[in-house]
Each structure stands twice: as structure tokens, then as C-alpha cells.
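The block underneath contains the structure these notes are about, expressed in C-alpha cells.
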Amino acid sequence: MSGFKIISSKHFAEKLQDRRVDLSLIASIYTEIAKNPFTKIHKISNGDSAIVFAVDRDRGEIKIITGYPVNK
């Protein structure tokens, strides 16, 4: 799994300027995939922010689709 590239969608990159998203969540992406290896779309959250990403095993990519603040 560590050979997978993490890339950003255009949407994520554009919205990141407007939204407060905790980017430390990116460090949890590989752990989430290890817990659910056959899921293609994942969502991780830490209570403050959420990130949605897709896994493309054929291309060896993890694409961050969107991120947003979570209302407590």
C-alpha cells in the first residue's frame, strides 16, 4: 500500500483555501485503507474535519476528493 501516490482533486485544492480542514488527517489515510482494503471510497474524520478519498488500485493512486470542517 505504501507505493500508492496521494493526489488531490481539483475540487479539494480549490476548496482548501476557503475551508478549515485539518490536514493531519492525511496521515491516517493508509491506516483507513488497511482497515477496509476493498472499499473504494473512504471518509475519515477527527471530530474537527473530514476528508473523503478514493482508492484506485489499478493506477496506484489515492485521490483526495473533498475535505470540510465538521460541526460539533
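Note that the UniProt record's numbering has the sequence shown beginning at 1, numbered continuously upward. Think of the CB as a built atom: it goes at the ideal place given N, C-alpha and C, for glycine as much as any other residue.
Residue(s) in a DSSP beta bridge with residue i
i, result
"Tyr68", "Ala50"
"Ser8", "Ile64"
"Ser45", "Ala50"
"Val55", "Ile62"
Exposure of residue i, with buried meaning 16 or more beta-carbon neighbours within 10 Å
i, result
"Val70", "exposed"
"Leu23", "exposed"
"Gly67", "buried"
"Ile33", "buried"
"Ile6", "exposed"
"Phe12", "buried"
CB-CB length for residue i against residue j, believed under 8 Å
i, j, result
"Ala54", "Lys40", "6 Å"
Reference residue i; option with closest CA among the options
i, options, result
"Lys43", "Arg59, Ile65, Ile6, Asp58", "Ile65"
"Thr31", "Leu16, Val21, Lys15, Ser45", "Ser45"
"Asp48", "Arg20, Ser9, Lys35", "Arg20"
"Leu25", "Glu61, Val52, Asp58, Arg59", "Val52"
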